[in-house]
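The opening residue of the sequence shown carries number 691 in the working numbering; numbering runs sequentially from there. The C-beta atom is built at its ideal place from N, Cα and C for all residues, glycine as well. Step one of this worksheet: look at the structure below.
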Amino acid sequence: MKNIAPKLEEKQYEENFAELHPPFTSNSAVAEANRCLYCYDSPCMKACPTHIDISTFIKKIATGNVKGAAKTILDSNWVALTCAKACPVDVLCEGACVYNERNEPPIQIGRLQRYAMDRYFENGMPQLFIPAEKNGRSVGIVGAGPAGLSCAAELALKGYNVTIYEAKKIPGGLDTWGIAPYKMRQADSLNEVRLVESLGVKINTGVTVGKEIAASELLKSHDAMFIGIGLGSSARLEVPGEKLDGVVEALDFIEKVTTRKWRSVDVGRRVAVIGAGNTAIDAATEAKRLGADQVMMIYRRSEREMPAYRYEFELAKNDGIIFHFLTSPKRLLGTKHVEAIECISMRLGQPGKDGRRRPEEVPGSEFQVPVDMVIVSVGQNLDKSFLAQLPGVTIENGAVKVDPETMRTGNPKIYAGGDCISGGQEVVNAAAEGKRAARAIDASMRS
Ligand code: SF4
């Protein structure tokens, strides 16, 4: 890459990537917990996809029973620390808190959950769950992300022999590799992996099912399979110049930043991020915090249609990110390195099949923007080659088709959950789906 932004002092990196929401002290946690009204119908609990008994864990924090609070949380969610730090709480539990109706700040449920889970891990993960005696059945899980870990933990508790097969050397999926360091740290995700392992789950890392081990072999050696592979390769822009030096995929860039080896991650002085989802925003804010002079986001629809959450958008604006809405890249220009993007202005036409108004080019409106780096974040594709090895598993609208009640695919022995069935949702949805699949697998084995 040409025109790499100068490296910062270590202290500056630490400051730029400091946690957005600092932890509660014991006193502030108890004070916040005491604001909770312990509503009889707990709208916060209904709004959480894993249905954590929020009022109960908050009550436990208020009475000083922090270990009990962690138990209540983990009863519903095995990746609760990740969720506490990375969930979009203002559109989930905190968004449903009754305090909003009074125009008062909602209970800070995410920070309270984090308080309980931080203490639990700091105290050496005291044993809260005793797995049932082994029942002689085994389940193979592909992917050690939040869906796979949740399914594995739940099944291990019920007495199953559970083996997770994970392609990466370090497990945790996007919880480990895809969340901005100012939201959470890799160590948090790895603590949750350790918790799942402590229940007897075996994790085989560096094993790609479909390559090192055949899918058919897993089907033979296990009584059931759960697929939690997430999404695969990043979608391409499909414009000329995409292979130029300095053009990178958002998830690759974010993965490097997640390791916290800030100085080893090169960033251009002028960066353009293509896309406007939450991943695109993470990439843009990380580029800025690594020292880029100017970061812009290019999105072909308007602000109203952008998929990123409002608070992510505000975060990016506060970081000084420039937004070019109704703009689409036509070509990436340069000889060896990317030097500019040729863009075209867009306008919104009639709604498409998905109900969203289709962007259309405005003829003759091309213009060029000089850049040193382009980060592409226009979605990910499902790994169809692996799925094709699983008889009965079908794909619909770019995702694995499952029965939403049981997470079962067209093959009665194979279940699935997480991003591979949703096309990309929150960690908390993946956690809920993994757990739901585990219950359905157990029910089918007992019937
Ligand atoms: Fe407490 Fe708010 Fe939930 Fe009511 S809705 S139980 S006040 S967190």
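Residue i and residue j: beta carbons closer than 8 angstroms?
i, j, result
"residue 990", "residue 1017", "yes"
"residue 1042", "residue 998", "no"
"residue 964", "residue 891", "no"
"residue 815", "residue 888", "yes"
"residue 1116", "residue 777", "yes"
"residue 1092", "residue 962", "no"
"residue 1103", "residue 905", "no"
"residue 828", "residue 813", "no"
"residue 769", "residue 1121", "yes"
"residue 834", "residue 862", "yes"
"residue 1034", "residue 1051", "yes"
"residue 943", "residue 1107", "no"
"residue 694", "residue 957", "yes"
"residue 783", "residue 719", "no"
"residue 773", "residue 920", "no"
"residue 760", "residue 802", "no"
"residue 868", "residue 1124", "no"
"residue 1101", "residue 1072", "no"
"residue 1039", "residue 1047", "yes"
"residue 830", "residue 711", "no"
"residue 1148", "residue 871", "The structure shown does not extend to residue 1148, since the chain is modelled only from 691 to 1137, so the question has no answer here."
"residue 981", "residue 697", "yes"
"residue 886", "residue 857", "no"
I'd like to know whether the C-beta of residue i is nearer than 8 angstroms to at least one C-beta of chain D.
i, result
"residue 1005", "The displayed structure is made up of one protein chain only, and chain D is not part of it."
Is it the case that the CB of residue i approaches a heavy atom of the ligand SF4 more closely than 7 angstroms?
i, result
"residue 795", "no"
"residue 773", "no"
"residue 854", "no"
"residue 1138", "Here the chain covers residues 691 to 1137 and nothing more, so residue 1138 does not appear."
"residue 745", "yes"
"residue 766", "no"
"residue 748", "yes"
"residue 728", "yes"
"residue 1049", "no"
"residue 739", "no"
"residue 751", "no"
"residue 777", "no"
"residue 1110", "no"
"residue 799", "yes"
"residue 734", "yes"
If I follow the unbroken alpha helix (DSSP H) through residue i, where does it start and stop?
i, result
"residue 803", "799 to 812"
"residue 881", "876 to 888"
"residue 901", "Per DSSP, residue 901 belongs to no alpha helix (DSSP H) and is neither H nor E."
"residue 746", "744 to 752"
"residue 1028", "Residue 1028 -> no alpha helix (DSSP H), and no H or E assigned at all."
"residue 1049", "Element bounds for residue 1049: not the alpha helix (DSSP H) but the beta strand (DSSP E), 1047 to 1051."
"residue 997", "Neither: residue 997 is in no alpha helix (DSSP H) and is coded neither H nor E."
"residue 934", "Here residue 934 belongs to no alpha helix (DSSP H), and DSSP marks it neither H nor E."
"residue 815", "Element bounds for residue 815: n/a, residue is neither H nor E."
"residue 1131", "1117 to 1136"
"residue 973", "968 to 979"
"residue 987", "Where residue 987 is concerned, there is no enclosing alpha helix (DSSP H), although the beta strand (DSSP E) it sits in stretches over 984 to 988."
"residue 735", "733 to 737"
"residue 1020", "Per DSSP, residue 1020 belongs to no alpha helix (DSSP H); it is in the beta strand (DSSP E), 1017 to 1023."
"residue 1143", "Nothing can be reported for residue 1143, as the shown portion of the chain is limited to 691 through 1137."
Which stretch, first to last residue, makes up the beta strand (DSSP E) that contains residue i?
i, result
"residue 1095", "From DSSP, residue 1095 is part of no beta strand (DSSP E); its letter is neither H nor E."
"residue 1077", "First-last for residue 1077: 1074 to 1077, but that is the alpha helix (DSSP H), not the beta strand (DSSP E)."
"residue 861", "Per DSSP, residue 861 belongs to no beta strand (DSSP E) and is neither H nor E."
"residue 1105", "1104 to 1106"
"residue 1012", "1012 to 1014"
Given 8 angstroms as the limit, is there contact between the region 864 to 877 and the region 1122 to 1130, that is, 3 or more CB pairs closer than that? The count of Cβ pairs closer than 8 angstroms, one atom from the region 864 to 877 and one from the region 1122 to 1130, stays below three, leaving the stretches out of contact.
Okay, do the region 972 to 984 and the region 1004 to 1017 touch, 3+ Cβ pairs below 8 angstroms being the bar? Yes: the two stretches touch, three or more of their Cβ pairs being nearer than 8 angstroms.
Three-pair Cβ contact test at 8 angstroms for the region 1018 to 1028 versus the region 936 to 944: A contact between stretches requires three or more CB pairs, one per stretch, nearer than 8 angstroms, and the region 1018 to 1028 meets this requirement with the region 936 to 944.
Taking three-plus beta-carbon pairs below 8 angstroms as touching, is the region 1081 to 1097 in contact with the region 745 to 752? With the cut-off at 8 angstroms, the region 1081 to 1097 and the region 745 to 752 do not touch.
Just checking, does the region 705 to 725 make contact with the region 798 to 809 on the three C-beta pairs under 8 angstroms criterion? Two segments are said to touch when three or more pairs of C-beta atoms, one from each, lie closer than 8 angstroms; by this definition the region 705 to 725 touches the region 798 to 809.
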